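In our numbering, the protein residues as written are -16 to 81.
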Amino acid sequence: QIDLKKVNIEAFKPWINEKIVEYSGTEDDVLVEFVCTQLEILLIFNQSPDQKQMQINMGGFLSTRNARMFTEDLWSELQMAVLSDNGMSPAVLNLNRE
């Protein structure tokens, strides 16, 4: 389970954008906001994100394979962020420094 209270969701936007470009081949601000909004809503309701549900939700925008790969990457980064003092994984922190 991922405790979103320990994650800096706003800081994840550049990383999410980079991954969306990687998996879709194009920038998509709407999709970046879609992902962040899903996480923010779960945070508001104090719920843990569901990787399978996120993958299903992303399937409307990415191929099944790319949706799976995106959510696997996202979950890995979220898990690292939970363990950090600043709510960011190393990859997210590096993108925010640029």
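Even glycine gets a Cβ: it sits at the ideal position worked out from N, Cα and C. Note that this is a predicted model, so its numbers are computed, not measured.
Taking buried to mean at least 16 other C-beta atoms within 10 Å of its own C-beta, is residue i buried or exposed?
i, result
"Ile27", "exposed"
"Glu60", "buried"
"Val75", "buried"
"Ser72", "buried"
If you reduce the DSSP assignment to three classes, tell me which class residue i lands in.
i, result
"Pro(-3)", "helix"
"Met71", "coil"
"Phe17", "helix"
"Arg(-9)", "According to the sequence provided, residue -9 is Asn. The question's Arg does not apply to it. Correct three-state label for Asn(-9): coil."
"Glu23", "helix"
For the alpha helix (DSSP H) that contains residue i, what are its first and last residues?
i, result
"Leu66", "Thr47 to Leu66"
"Lys35", "Gln34 to Met41"
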